[in-house]
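Converting from the sequence shown to this note's numbering requires adding 1 to each position, the first position being numbered 1.
Backbone N, C-alpha and C fix where the C-beta goes; we use that ideal spot for every residue, glycine too.
Fair warning: this is a prediction, and the values are worked out from it, not measured in the lab.
The structure appears right after this line, and notes come after that.
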Amino acid sequence: VLRDVNQLINDFKQAFRARDLQKLVELYDENATFSGECDVASVGIRKGREAIRDYFAELFKDAAHISVSFKTKATKQAVLEVDGELQQHG
């Protein structure tokens, strides 16, 4: 599982840096909810891949320079939600 999480992070970074909306959005579940750091207050939480795609399209549209980073790293002690249940790995 840990390897899968780290691979997902790497896939996200690559798609983001390439500004590849299709690959980026495919990393999200069809029913995902999302709130970005650059969201306008009136937008709030976005639901579904199309709304998430719209967010990233708008984010990339006028950005000459943009980067992504993750403040946490997947570890063996990570708590993951799987099928609605919290499970402790480690």
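- Going by C-alpha positions, Leu9 is about 21 Å away from Phe61.
- Spanning the alpha carbons of Arg47 and Asp30 requires a straight line of approximately 13 Å.
- Apart from the 5 residues on each side of it in sequence, Gly49 sits with its Cβ closer than 8 Å to the Cβ of Glu31, Asn32, Ala33 in its chain, given in chain order.
- Sorting Val26, Ile53, Phe57 by C-alpha distance to the C-alpha of Phe35 places Ile53 at the top.
- The Cβ-Cβ distance between Leu22 and Phe71 does not fall below 8 Å.
- Per DSSP, the beta bridge partners of Phe35 are Arg47.
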